[in-house]
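Residue numbers (the working numbering): 220 to 494. Backbone N, C-alpha and C fix where the C-beta goes; we use that ideal spot for every residue, glycine too. As the structure is a prediction and not an experimental result, all values here were calculated from the model. To start, the structure itself, in structure tokens.
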Amino acid sequence: MGKRLLVIPAFLWLAIFVVIPLVILFVYSLGGRDELGRVVFGASLSNYLRFVSGPYLGTLARSLLLSSITTLSALVLGYLFALWLAVVAPKNKRNVLLLLIVLPLWTSSLLRVYAWITILRPTGILNHWLDLCGLHAPTILYTPLAVWIGMVYNYLPYMILPLYTSLEKFDLRLLEAAMDLGAGPWRALTRVLIPMTGGGIVAGSVMVFIPSLGDYVTPDLLGGGRTMYIGNLIQNQFLTVRDWAFGSAVSTLLILIVSVAIWIYLKYADSEAFA
């Protein structure tokens with residue numbers, strides 16, 4: 220009985236801050252709105268049909284593509300850096316390097332995005348340096364390239380940390396044994412190193428994919444609002460259009476996608492699943 224009482228605070232926390240908001244969101248998604256923008260409760264799936272039959276699927280596909288590219292880019296850069304940090308970097312400097320990786324997260328993500336605006340704008344630092352070198356750089360700000368740079372920069376630490384945790388525990392003698400048995404570098408990488416660090420790969424990928432899928436600040440500021448993503452769509456429905464019912468339906472669909480990503484993580488987070 221005593222152990223069950225210990226679970227009550229956690230249960231109440233989940234019920235109040237997770238379950239009840241999700242139920243409210245789902246109930247709103249089944250309703251509509253009147254002429255004044257107020258929510259009219261109902262039991263209709265029209266908002267979901269509107270999302271599926273309208274131009275919003277392109278927005279979802281665009282967001283999934285951006286999140287996938289961001290995750291893949293962060294995985295490649297993060298794996299190389301985490302491997303260098305765990306194998307090559309001096310042990311007495313690793314904690315300092317990890318601190319430098321985490322340090323940007325101590326500031327607001329909005330400030331970090333504005334910093335990139337300062338760097339990428341036509342009169343910014345990057346173009347100034349390129350002009351000094353005699354090079355003429357095209358305008359990067361307010362382009363998909365700027366959005367991609369900002370997304371990778373913001374979420375790269377979330378990829379590096381779980382990868383470093385997995386690589387730090389990896390026994391390098393396994394690679395030596397594989398090469399002694401005739402495996403080349405590529406075969407040793409794909410058949411030994413990656414499977415043994417699969418848990419970190421999946422964890423880092425989920426930690427990058429999920430928040431980048433719903434991010435609306437970075438695409439809005441670095442992209443100039445020229446391209447609509449799923450996060451921007453939800454923001455517009457709640458704050459601009461005042462169609463809370465449709466915004467709730469889009470949010471519910473996004474939650475389902477995120478739930479699938481979490482399910483994949485729970486199923487394949489074990490390193491042995493990559494073997």
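Close beta carbons around residue i, own chain, < 6 Å, minus the five adjacent residues each side
| i | result |
| --- | --- |
| Arg461 | Gly256 |
| Ser292 | Val371 |
| Ile474 | none |
| Leu485 | none |
| Asp434 | Gly450 |
| Tyr374 | Ala293, Val427 and Ser431 |
Among the options, nearest to residue i - alpha-carbon criterion
| i | options | result |
| --- | --- | --- |
| Ala468 | Val258, Ser292 and Arg406 | Val258 |
| Ile476 | Thr437, Met447 and Val425 | Val425 |
| Pro240 | Trp482, Asn314 and Thr471 | Thr471 |
| Thr418 | Met378, Gly401, Gln454 and Ser282 | According to the sequence provided, residue 418 is Gly. The question's Thr does not apply to it. Residue Met378 is the option with its Cα nearest to Gly418. |
| Val295 | Arg281, Val427 and His355 | Val427 |
| Leu285 | Leu458, Gly401, Thr362 and Glu395 | Thr362 |
| Gly254 | Trp482, Leu283 and Trp463 | A small correction: the amino acid at residue 254 is Glu; Gly does not occupy that position in the sequence shown. Ranking the options by Cα distance to Glu254, first place goes to Trp463. |
| Val246 | Leu322, Gly466 and Ile227 | Gly466 |
| Gln456 | Asn266, Val315 and His355 | Asn266 |
| Pro381 | Phe236, Ile344, Ser328 and Thr416 | Thr416 |
| Gly297 | Gly444, Ile483 and Ile320 | Ile320 |
| Ile413 | Leu299, Ile483, Ser328 and Gly353 | Leu299 |
Distance between residue j and residue i (C-alpha atoms, nearest Å)
| i | j | result |
| --- | --- | --- |
| Ser431 | Gly442 | 14 Å |
| Pro376 | Leu317 | 9 Å |
| Pro357 | Leu225 | 60 Å |
| Tyr333 | Pro341 | 14 Å |
| Arg252 | Met447 | 23 Å |
| Leu249 | Leu393 | 55 Å |
| Ser490 | Ala229 | Confidence at Ser490 is low in this model, with a pLDDT of 45, below 50, so its placement is unreliable and the value that follows should be read with caution. Their Cα atoms are separated by approximately 29 Å. |
| Ile368 | Lys222 | 48 Å |
| Leu339 | Leu349 | 12 Å |
| Leu244 | Gly261 | 13 Å |
| Ile359 | Glu395 | 44 Å |
| Ile453 | Val436 | 12 Å |
| Val242 | Leu345 | 47 Å |
Neighbour-count burial assignment, residue i, 16 or more Cβ in a 10 Å radius
| i | result |
| --- | --- |
| Thr290 | buried |
| Ala234 | exposed |
| Gly450 | buried |
| Phe270 | buried |
| Val309 | The sequence given here has Pro at residue 309, not Val. Per the 10 Å Cβ criterion, exposed. |
| Ser282 | buried |
| Ala492 | Residue confidence is low: Ala492 scores 45 on pLDDT, short of 50, so the model does not pin down where it sits. No coordinate-derived value is stated. |
| Leu322 | exposed |
| Gly401 | exposed |
| Gly554 | Here the chain comprises residues numbered 220 to 494, so residue 554 is not present and cannot be evaluated. |
| Asp390 | exposed |
| Val366 | buried |
8 Å CB neighbourhood of residue i in its chain, flanking five on each side removed
| i | result |
| --- | --- |
| Leu330 | none |
| Ile336 | Gly343, Leu360, Leu440 and Leu441 |
| Arg406 | Ala397 |
Proximity test, Cβ basis, 9 Å: residue i and chain B
| i | result |
| --- | --- |
| Pro381 | Judged by its chain identifiers, the structure shown contains no chain B, having just a single protein chain. |
Near the ligand ATP: residue i beta-carbon under 8 Å from a heavy atom
| i | result |
| --- | --- |
| Ala280 | The ligand ATP is absent from the structure shown, which contains no ligand whatsoever. |
Cβ neighbours of residue i in the same chain (closer than 7 Å, five flanking residues each side left out)
| i | result |
| --- | --- |
| Ile429 | Val477 and Ala480 |
| Arg313 | Leu304 |
The segment 299–307 contacting the segment 383–400, beta-carbon criterion three pairs below 8 Å: Touching, per the Cβ criterion.
Validate contact between the segment 270–279 and the segment 409–429 using beta carbons, cut 8 Å, 3 pairs: no
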